[in-house]
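Asks: Protein chains in written order, with the working numbering: chain A, 1 to 111; chain B, 1 to 112.
Glycine included, C-beta positions come from ideal geometry on N, C-alpha and C.
Values in this document were obtained by computation on a predicted structure and should not be read as measured data.
Following this message is one structure expressed as structure tokens.
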Amino acid sequence: ELKVEQNPLFLSMQEGKNYTIYCNYSTTSDRLYWYRQDPGKSLESLFVLLSNGAVKQEGRLMASLDTKARLSTLHITAAVHDLSATYFCAVDGGSNYKLTFGKGTLLTVNP
Amino acid sequence: DVKVTQSSRYLVKRTGEKVFLECVQDMDHENMFWYRQDPGLGLRLIYFSYDVKMKEKGDIPEGYSVSREKKERFSLILESASTNQTSMYLCASSPMDRVGYTFGSGTRLTVV
Chain A
1 ELKVEQNPLF LSMQEGKNYT IYCNYSTTSD RLYWYRQDPG KSLESLFVLL SNGAVKQEGR
61 LMASLDTKAR LSTLHITAAV HDLSATYFCA VDGGSNYKLT FGKGTLLTVN P
Chain B
1 DVKVTQSSRY LVKRTGEKVF LECVQDMDHE NMFWYRQDPG LGLRLIYFSY DVKMKEKGDI
61 PEGYSVSREK KERFSLILES ASTNQTSMYL CASSPMDRVG YTFGSGTRLT VV
């Protein structure tokens with residue numbers, strides 16, 4: 001059974017600082033997704049990573065995928081308050097169509 | 001803009017009622033999914049469908065059923081609602097190659 005582990009689960013940052021969220025998963029997969037969720041809202045797609053070594057960037061967020069290490073990272077550069085949200089990684093388990101989510105990282109960016 | 005639309009944003013139902021949650025997508029996606037989200041438990045897959053009239057159980061199908069009579073519509077049915085089914089329900093769809101999953105805005109269901 002595919003397991004997805006995110007850490008940290010809670011992250012309090014100061015504006016302007018950098019930090020990384022880690023997503024480890026237990027079985028082979030080459031499809032990994034990052035989502036953002038604001039309180040009371042649904043999931044907004046941030047990145048789709050489809051191959052080993054994939055790197056994608058959007059604004060202050062950059063995501064990467066290492067399928068050999070079964071690890072994805074979401075790097076935050078020079079955080080701003082607007083980035084405060086919960087971030088989820090999710091791994092596609094392959095032929096069983098199942099998307100398995102990490103528990104999420106609650107990010108709070110303080111002025 | 002592509003969309004997954006869930007018919008209700010908030011619902012309050014009584015214990016024992018039969019509850020229908022509707023989801024419609026306009027992207028001609030083959031795959032559709034129902035998840036529930038609970039604090040501390042994250043998102044868990046209830047059921048999914050990869051084609052019209054096809055359905056597969058997810059991780060927590062007990063107490064639920066689904067219906068997919070048309071490609072664009074996937075309904076989640078709570079046969080007899082119970083208080084432990086109070087949750088946020090999220091519908092999603094993806095194309096056959098599963099390159100990207102789009103989520104609806106969610107239905108917050110309260111069973112009293």
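#1: For chain B, check one thing: does any of its Cβ atoms lie closer than 9 Å to the Cβ of residue 45 of chain A?
#2: Given a cut-off of 9 Å, decide if residue 107 of chain B and residue 9 of chain B are closer than it, judged by their beta-carbon atoms.
#3: Using three-state DSSP, classify residue 28 of chain A as helix, strand or coil.
#4: Less than 9 Å between the C-beta atoms of residue 13 of chain B and residue 78 of chain B, yes or no?
#5: Are there 16 or more other CB atoms within 10 angstroms of the CB of residue 87 of chain B, so buried, or fewer, so exposed?
#6: So, is residue 92 of chain A buried or exposed, given that buried needs 16 or more other C-beta atoms within 10 angstroms?
#7: Using alpha carbons as the reference points, say which of B:11, B:16, B:22 and B:40 lies closest to residue 33 of chain B.
#8: For residue 16 of chain A, is the classification buried or exposed, using 16 other Cβ atoms within 10 angstroms of its Cβ as the cut-off for buried?
#9: What residues of chain B sit near residue 10 of chain A, judged by a beta carbon separation below 8 Å?
#10: Alpha carbon to alpha carbon, how far is residue 37 of chain B from residue 59 of chain B? Give it in angstroms, no decimals.
#11: For chain B, check one thing: does any of its Cβ atoms lie closer than 9 Å to the Cβ of residue 31 of chain A?
#12: What are the residues that DSSP puts in a beta bridge with residue 84 of chain B?
#13: At the level of alpha carbons, what is the spacing between residue 52 of chain B and residue 42 of chain B?
#14: Should residue 35 of chain A be flagged as near chain B, meaning a C-beta pair shorter than 9 Å?
#15: If we cut at 9 Å on Cβ distances, does residue 101 of chain B have a partner in chain A?
#16: Which stretch, first to last residue, makes up the beta strand (DSSP E) that contains residue 31 of chain B?
#17: Does the Cβ of residue 53 of chain A have 16 or more other Cβ atoms within 10 Å, making it buried, or fewer, making it exposed?
#18: Which residues in chain A have a C-beta closer than 9 Å to the C-beta of residue 105 of chain B? List them in chain order.
#19: Assuming residue 101 of chain A contacts residue 85 of chain A (C-beta within less than 8 Å), just tell me the rounded distance between them.
#20: Helix, strand or coil for residue 50 of chain A per DSSP?
#21: Tell me the rounded alpha-carbon separation between residue 67 of chain B and residue 77 of chain A.
#22: So, helix, strand or coil for residue 82 of chain A, using DSSP?
#23: Under 8 Å Cβ-Cβ, which residues of chain B neighbour residue 104 of chain A?
Replies: For this structure:
#1: In the first sequence, the residue the question calls residue 45 of chain A occupies position 45. Judged by the 9 Å Cβ criterion, residue 45 of chain A is in contact with chain B.
#2: Counted from its first residue, the second sequence places residue 9 of chain B at position 9. Counted from its first residue, the second sequence places residue 107 of chain B at position 107. For residue 9 of chain B and residue 107 of chain B, yes; Cβs fall inside 9 Å.
#3: The residue you call residue 28 of chain A lines up with position 28 of the first sequence. Of the three classes helix, strand and coil, the one that applies to residue 28 of chain A here is coil, per DSSP.
#4: Position 13 of the second sequence, counted from the start, is the residue given in the question as residue 13 of chain B. Position 78 of the second sequence, counted from the start, is the residue given in the question as residue 78 of chain B. Yes. Within cutoff.
#5: Residue mapping note: residue 87 of chain B aligns to position 87 of the second sequence, counting from 1. It counts as buried.
#6: Working through the first sequence from its first residue, we reach residue 92 of chain A at position 92. So residue 92 of chain A ends up on the buried side.
#7: The residue labelled residue 33 of chain B in the question sits at position 33 within the second sequence. Checked all of B:11, B:16, B:22 and B:40; the closest Cα to residue 33 of chain B is B:22.
#8: By 1-based counting over the first sequence, the position of residue 16 of chain A is 16. Residue 16 of chain A is exposed by the Cβ-count criterion.
#9: Walking along the first sequence from the start, residue 10 of chain A turns up at place 10. Result: empty, since nearest Cβ-Cβ is about 12 Å, beyond 8 Å.
#10: The residue given as residue 59 of chain B occupies position 59 in the second sequence. The residue given as residue 37 of chain B occupies position 37 in the second sequence. The alpha-carbon atoms of residue 59 of chain B and residue 37 of chain B are separated by roughly 13 Å.
#11: Here residue 31 of chain A refers to the residue found at position 31 when the first sequence is read from its first residue. Yes, contact with chain B.
#12: Against the second sequence, residue 84 of chain B aligns to sequence position 84. Bridge partners of residue 84 of chain B: none, in fact.
#13: Position 52 of the second sequence, counted from the start, is the residue given in the question as residue 52 of chain B. Position 42 of the second sequence, counted from the start, is the residue given in the question as residue 42 of chain B. C-alpha separation (whole angstroms): 28 Å.
#14: On the first sequence, residue 35 of chain A is found 35 positions in, with the first residue counted as 1. Closer than 9 Å: yes.
#15: Position 101 of the second sequence, counting from 1, holds the residue named residue 101 of chain B. Yes - at least one Cβ of chain A is within 9 Å of the one on residue 101 of chain B.
#16: As a working note, residue 31 of chain B is residue 31 in the second sequence. Residue 31 of chain B -> beta strand (DSSP E) spans 31-38.
#17: In the first sequence, residue 53 of chain A corresponds to position 53, counting from 1. Looking at its Cβ environment, which holds fewer than 16 other Cβ atoms inside 10 Å, residue 53 of chain A is exposed.
#18: Stepping through the second sequence from its first residue, residue 105 of chain B is reached at position 105. Those within 9 Å of residue 105 of chain B in chain A are 41 and 42.
#19: Within the first sequence, residue 101 of chain A is the residue found at index 101, counting from 1. Within the first sequence, residue 85 of chain A is the residue found at index 85, counting from 1. About 15 Å; that fails the 8 Å criterion.
#20: Locating residue 50 of chain A in the first sequence gives position 50, where the first residue counts as 1. DSSP places residue 50 of chain A in coil when its eight states are reduced to three.
#21: As a position in the second sequence, residue 67 of chain B is number 67, starting the count at 1. As a position in the first sequence, residue 77 of chain A is number 77, starting the count at 1. Computed Cα separation, rounded: 44 Å.
#22: Start at 1 with the first residue of the first sequence, and residue 82 of chain A comes out as number 82. Residue state, collapsed to three classes: helix.
#23: As a position in the first sequence, residue 104 of chain A is number 104, starting the count at 1. Neighbours of residue 104 of chain A on chain B, chain order: 42.
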